[in-house]
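Peer 1:
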Amino acid sequence: MINPLKLSVEVNRIVCREEHGIFLRRYWRFRGGKWYGGIATADCVGCNLRCKFCGPVLYMTKNKLIGEFKTPEEVAKRLVNIAFKKNYRYVRVSGGEPTICIEHLFQLLEIIGDYPFVFILETNGILIGHDKSIAKRLSNYENVHVRVSLKGTNREEFQRLSMAYGEFFDYQLRALENLLNYGVSFHPAVVASFTSSENINKLKKVLAEIDKEMAENLEIEYIVLYPHVIESLKRHGLVPTKAYTVDWELIDSNEFIARYL
Numbered sequence: 091m092i093n094p095l096k097l098s099v100e101v102n103r104i105v106c107r108e109e110h111g112i113f114l115r116r117y118w119r120f121r122g123g124k125w126y127g128g129i130a131t132a133d134c135v136g137c138n139l140r141c142k143f144c145g146p147v148l149y150m151t152k153n154k155l156i157g158e159f160k161t162p163e164e165v166a167k168r169l170v171n172i173a174f175k176k177n178y179r180y181v182r183v184s185g186g187e188p189t190i191c192i193e194h195l196f197q198l199l200e201i202i203g204d205y206p207f208v209f210i211l212e213t214n215g216i217l218i219g220h221d222k223s224i225a226k227r228l229s230n231y232e233n234v235h236v237r238v239s240l241k242g243t244n245r246e247e248f249q250r251l252s253m254a255y256g257e258f259f260d261y262q263l264r265a266l267e268n269l270l271n272y273g274v275s276f277h278p279a280v281v282a283s284f285t286s287s288e289n290i291n292k293l294k295k296v297l298a299e300i301d302k303e304m305a306e307n308l309e310i311e312y313i314v315l316y317p318h319v320i321e322s323l324k325r326h327g328l329v330p331t332k333a334y335t336v337d338w339e340l341i342d343s344n345e346f347i348a349r350y351l
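Going by our numbering, the residue at position 173 of the sequence shown is 263; the numbering climbs one at a time, nothing skipped.
1. Where D342 and A348 are concerned, what is the direct C-alpha to C-alpha distance, given to the nearest angstrom?
2. Work out the CA separation of K160 and A173 for me, nearest whole Å.
3. Judging by CA-CA distance, which residue of M253, S239, I190 is the nearest neighbour of C137?
4. Using beta-carbon positions only, say whether G157 and S229 come within less than 7 Å of one another.
5. Which of the three DSSP states is assigned to A282 in this structure?
6. From this set, C144, V105, N102, which residue's C-alpha is nearest L323's C-alpha?
7. Enumerate in chain order the residues of its own chain whose CB-to-CB distance from R168 is below 7 Å, with the five nearest sequence positions on each side excluded.
8. Extract the residue ranges of the alpha helix (DSSP H) inside the stretch 168-229, only unbroken runs of 4 or more that lie entirely within it.
9. Apply the 10 Å Cβ neighbour rule to L340 and answer buried if 16 or more other Cβ atoms are within range, or exposed otherwise.
10. For the beta strand (DSSP E) that contains E108, what are its first and last residues?
11. What separation, rounded to the nearest whole angstrom, lies between the Cα atoms of L351 and V296?
12. Relative to the C-alpha of F276, which candidate in D260, L308, N291, L293 has its C-alpha closest?
13. From which residue to which residue does the beta strand (DSSP E) around Y117 run?
Below, the structure is given as structure tokens:
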């Protein structure tokens, strides 16, 4: 089992650096996509979880890291160019955990704030739950919306899926509380490909104790069966209850077994 807080420090040393007060982070891809109705994405390297259904962590566990260090200005320029060219409203950093290299993220947000785009901060919330000052600083940006992706509906699922100690599921819930308390625009999502309807309903009750509206806005998230995801699921012996194919067909566990095992 891993400790996400300790892993964040280790990953930070590898994928982040400072040059004369400018904080750089390693990125491996810039792209457009249809999520959120159209969004420009910068894929960063490095995460503080080791989710069994995720592929991006592989990009920093091989002998040689892929990607290059980019300044906040360079990242913003790439995102803005994609968004203007494709007439997108949204931009984001994805592919890893954006709250690692936190000063890089805030320098990026300062630049993006000069443009007419909404920045979607997709995060597992661990570091926001650990340090409420991150939520406080995020409250200064009117163009930021935070999507907290819960890795399961409870401690047991979180530990089984993320390979992190189950207690850190509570940090994800704490992140929601911190964002709520500081008035940050946000909503929770849950990876529901490895759980039951009963557990989702139990999670909604837990969220409702924090805030009823937040529970009502819970986004149900199913994994997409990209080749590297299928490979990871096979390696860990995981069968999703529901998942999307790359053609956006929602299939169940029986169909997954028939097609991929």
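We put the CB at the ideal spot given by N, CA and C, even for glycine.
Peer 2: Looking at the coordinates:
1. Rounded to the nearest angstrom, the two C-alpha atoms are 10 Å apart.
2. A173 and K160 have their alpha carbons spaced roughly 18 Å apart.
3. Per the C-alpha coordinates, the member of M253, S239, I190 positioned closest to C137 is I190.
4. With respect to the 7 Å criterion, G157 and S229 are not classified as neighbours on the basis of their beta carbons.
5. Under the three-state reduction of DSSP output, A282 falls in the coil class, being neither helix nor strand.
6. Each of C144, V105, N102 was checked against the Cα of L323, and the nearest Cα belongs to C144.
7. Apart from sequence neighbours up to five positions away, the residues of its chain that approach R168 with a beta-carbon distance below 7 Å are F120, A132, ordered along the chain.
8. List check, alpha helix (DSSP H) in window: 192-202, 216-220, 222-228.
9. Result: exposed.
10. Residue range 106-109 is occupied by the beta strand (DSSP E) that includes E108.
11. Distance between the alpha carbons of L351 and V296: 35 Å.
12. A check of alpha carbon separations from F276 across D260, L308, N291, L293 identifies L308 as the nearest.
13. Annotation for Y117: the continuous beta strand (DSSP E) segment containing it runs 112-123.
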